[in-house]
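Let me begin by presenting the structure, written as structure tokens, before commenting on it.
Numbering (full-length UniProt numbering), first residue to last: 1 to 311.
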């Protein structure tokens, strides 16, 4: 698909929506172990995790992955994958697929270019919309990724993804499936701005200054820059979100309470726990996702034009 020439026909909103979900799922399949390692490092230090894992300590990205493989088996790296793919089909389709449409909605009529403020506003809007729809899938994904399984399968709290939805709703109420929505909206609004706005601006400048053409190298550089910026600005909120979503009822009164207890017990550096796997994951995820997204848009538009062609 890399060899396809840029389409002269701009992709429709429906094409962007579908391509974003598919590209995000494809990227998740490649980077999910890094995301799981990030979650384990972020929740390390909580009493419940320490008790569950006994003397297990995670050190660094590679160390965390190797420890998980040694103590829980290779499949543990993909705990919560089903919920993760469900999340991406709903989440990425909205926040990425609808970004251009929302950006155009906020752009004043007659303006040739969207301002940075307009792009940030569009990123925050689609990020918040996506979280509102996909929050239950994120809660289940985090629960699976954070759980440590050292005993037999019968020791697991959830037998599967659908059982997790039912169990959380039964034990914690329907509100339990939307636990951590506020920090998640904050986190994903920031991430979406870091990813979409940065990607949008870098790609635009590379094309304006004729440094690249609208193809693979341009998409790669833009995506890498977007992943780094998103990780730097979103890591503190991401750690609080993960801790709060994974906590049992009553451990934290609110996301703010979670944040204050983290600072009191572990210091401010706790906000950047798991930064390396976060960057490795977001950086690689952005590269795979945006490159695939750009090519899928062109491929889907080519298919659509062939279907509509009378010849």
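Note that beta-carbon positions come from the ideal geometry of N, C-alpha and C, so glycine has one too.
Which whole-angstrom value describes the C-beta separation of residue i and residue j, a residue pair presumed to lie in contact below a C-beta threshold of 8 Å?
i: residue 42; j: residue 274; result: 5 Å
i: residue 28; j: residue 84; result: 5 Å
i: residue 188; j: residue 281; result: That pair is no contact at about 15 Å.
i: residue 136; j: residue 182; result: Contact doesn't hold; Cβ gap of about 15 Å is too wide.
i: residue 277; j: residue 61; result: 4 Å
i: residue 24; j: residue 92; result: 3 Å
i: residue 220; j: residue 283; result: Going by Cβ atoms, the distance from residue 220 to residue 283 rounds to 11 Å, so no, they are not a contact pair.
Under the three-state reduction of DSSP, which class applies to residue i: helix, strand or coil?
i: residue 251; result: coil
i: residue 44; result: strand
i: residue 20; result: helix
i: residue 214; result: coil
i: residue 59; result: coil
i: residue 173; result: coil
i: residue 79; result: coil
i: residue 113; result: coil
i: residue 148; result: coil
i: residue 157; result: coil
i: residue 98; result: coil
i: residue 50; result: For residue 50, the predicted model reports a pLDDT of 46, less than 50, meaning its position is unreliable and no value from the coordinates is stated.
i: residue 209; result: coil
i: residue 10; result: coil
i: residue 108; result: coil
i: residue 180; result: coil
i: residue 274; result: coil
i: residue 267; result: coil
i: residue 283; result: helix
i: residue 73; result: coil
i: residue 190; result: helix
So what does residue i bridge to, in DSSP terms?
i: residue 295; result: In DSSP, residue 295 forms no bridge with anything.
Thinking just about the alpha-carbon of each residue, which of the options is nearest to the one in residue i?
i: residue 256; options: 81, 10, 186 and 57; result: 186
i: residue 80; options: 178, 111, 138 and 218; result: 138
i: residue 172; options: 246, 78 and 60; result: 246
i: residue 167; options: 260, 143 and 60; result: 143
i: residue 68; options: 302, 87 and 38; result: 38
i: residue 263; options: 210, 40, 45 and 9; result: 45
i: residue 317; options: 9, 74, 130 and 106; result: Any property of residue 317 remains undetermined from this structure, which presents the chain solely from 1 to 311.
i: residue 82; options: 105, 112, 26 and 206; result: 26
i: residue 293; options: 10, 21, 165 and 250; result: 21
i: residue 174; options: 35, 140 and 145; result: 140
i: residue 335; options: 306, 308, 180 and 230; result: This structure cannot settle anything about residue 335, because the visible part of the chain is limited to 1 through 311.
i: residue 244; options: 184, 230 and 235; result: 184
i: residue 126; options: 306, 160, 106 and 58; result: 106
i: residue 86; options: 165, 296, 298 and 113; result: 165
i: residue 270; options: 250, 237 and 298; result: 237
### Query
Touching or not, the stretch 10-24 and the stretch 88-105, by the rule of three or more beta carbon pairs under 8 Å?
Counting C-beta pairs closer than 8 Å gives three or more between the stretch 10-24 and the stretch 88-105, which meets the contact rule.
### Task
Would you be able to state if there are at least three C-beta pairs under 8 Å between the stretch 20-34 and the stretch 284-292?
Put simply, the stretch 284-292 touches the stretch 20-34. At least three CB pairs are less than 8 Å apart.
### Query
Touch check for the stretch 118-125 and the stretch 194-203: three-plus C-beta pairs under 8 Å?
Yes: at least three Cβ pairs fall under 8 Å.
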